[in-house]
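Structure first, commentary second.
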Amino acid sequence: MRKRIAALVIVATALACGEQAPPPPEGAAGDAAAIPAAALLAALSDEQAEGRALYQSVCWTCHGAGGRGDGPVAGTETVGVPQDFVAGDYAALSLAELEHRFQASLTGDGVDPEHPHMRTVVELLKPDRFRTALSYIPVLAYPSGIPGSALTGMDLYQTRCAACHGELGDGQGHAADALKVVEPANFRADTLVAAGDWNGVFDRISEGGRTVHGSSMPPWGAALSETQIWDLVAYVATFDPGALPAVPGPGP
Numbered sequence: 161m162r163k164r165i166a167a168l169v170i171v172a173t174a175l176a177c178g179e180q181a182p183p184p185p186e187g188a189a190g191d192a193a194a195i196p197a198a199a200l201l202a203a204l205s206d207e208q209a210e211g212r213a214l215y216q217s218v219c220w221t222c223h224g225a226g227g228r229g230d231g232p233v234a235g236t237e238t239v240g241v242p243q244d245f246v247a248g249d250y251a252a253l254s255l256a257e258l259e260h261r262f263q264a265s266l267t268g269d270g271v272d273p274e275h276p277h278m279r280t281v282v283e284l285l286k287p288d289r290f291r292t293a294l295s296y297i298p299v300l301a302y303p304s305g306i307p308g309s310a311l312t313g314m315d316l317y318q319t320r321c322a323a324c325h326g327e328l329g330d331g332q333g334h335a336a337d338a339l340k341v342v343e344p345a346n347f348r349a350d351t352l353v354a355a356g357d358w359n360g361v362f363d364r365i366s367e368g369g370r371t372v373h374g375s376s377m378p379p380w381g382a383a384l385s386e387t388q389i390w391d392l393v394a395y396v397a398t399f400d401p402g403a404l405p406a407v408p409g410p411g412p
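In terms of my numbering, the sequence shown is numbered consecutively and its last residue is 412.
In structure tokens, the structure reads:
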């Protein structure tokens, strides 16, 4: 009973104070069709957009703003260890598969042993709104073949990479002219990206100029975590749409 009350308090507080959640990545300014992350957001269905708002106001407290299971109440006795939607077992699940995983909580038929506190969350949100929140998860985890989130990686890219590689990933950032020896990579015509060699892209970002003679690119592995670099890889991958599946659509 104490755990149920604690879960109610956590979710109710999130609903009341959703505006206090850390701001998640937003689409960059400009032509939404030209900038990949903005294009991802523009491609959301009405249901997914509403699900995104619900996730940002409620779900992030346990699962984290980037869906990594690292929210501020993660690891507590009430919540335990939340699912990592981006690199965990749930990363490749469709909306229908996600709903199936939470079926016991959604129908009220007993308590799901893997997600005992989710029954309380569903009671507060109501099943329809809970399903709507679930609709955002496949987009947050996109692309499913890479253990990173393109939407989360967009924010890192804009602050760490765009000055040289450009907002469009074409190597035409405002600092590119100062790099005379080796020009910044054009991710729209990059052999590793085109080949889907995501481990290779990860290594290049992590090791920086050490992999390309004369490059001034810093080894980002010294400043960023592996999780952050995988988010960057996921975002860089979106610069070549042909290398990825389509953005997940709404459920049936």
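Ideal Cβ positions, reconstructed from N, Cα and C, are used throughout, including at glycine. From a predicted model like this one, the values you see are computed outputs, not experimental measurements.
For the pair ARG289 and ASP350, the Cα-to-Cα distance works out to about 41 Å.
In this structure GLN216 is buried. Its beta-carbon is surrounded by 16 or more other beta-carbon atoms within 10 angstroms.
ALA323 sits close to ALA335, with the two beta carbons spaced by under 9 Å. Here DSSP, grouped into helix, strand and coil, assigns HIS277 to coil. Scanning the stretch 231 to 263 for uninterrupted alpha helix (DSSP H) segments of 4 residues or longer gives 255 to 261, listed from N- to C-terminal end. Residue burial is scored here from C-beta neighbours: ASP249 has fewer than 16 other C-beta atoms within 10 angstroms and is therefore classed as exposed. Annotated three-state conformation of ALA310 is helix, per DSSP.
Taking 8 Å as the upper bound for CB-CB distance, ILE297 and PHE245 are in contact here, some 5 Å apart.
For the pair THR221 and GLY229, the CB atoms are not nearer than the 9 Å cut-off. If you look at ARG291, you'll find it in the alpha helix (DSSP H) that goes 287 to 294. When the five nearest sequence neighbours on each side are left out, the beta carbons in the same chain lying within less than 7 Å of the beta carbon of SER376 are those of LEU339 and GLY369, in order along the chain. Excluding residues up to 5 positions away in sequence, LEU200, ALA203, VAL299 and TYR302 lie with their Cβ nearer than 7 Å to the Cβ of VAL407 in the same chain.
Residue environment: SER385 is assigned as exposed (fewer than 16 neighbouring CB atoms within 10 Å of its CB, all protein chains considered). Taking a contact to require three or more Cβ pairs closer than 8 Å, the stretch 391 to 402 and the stretch 314 to 334 qualify as touching. Residues of the same chain with a CB within less than 7 Å of the CB of PRO405, apart from the 5 flanking positions on each side, are PRO303 in chain order. The C-alpha of THR312 is placed about 13 Å away from the C-alpha of ALA397.
The continuous alpha helix (DSSP H) containing LEU392 extends over residues 386 to 397. According to the DSSP assignment, PHE362 belongs to the alpha helix (DSSP H) that extends over 358 to 367.
Assigned with DSSP and collapsed to three states, CYS321 falls in coil, not helix or strand.
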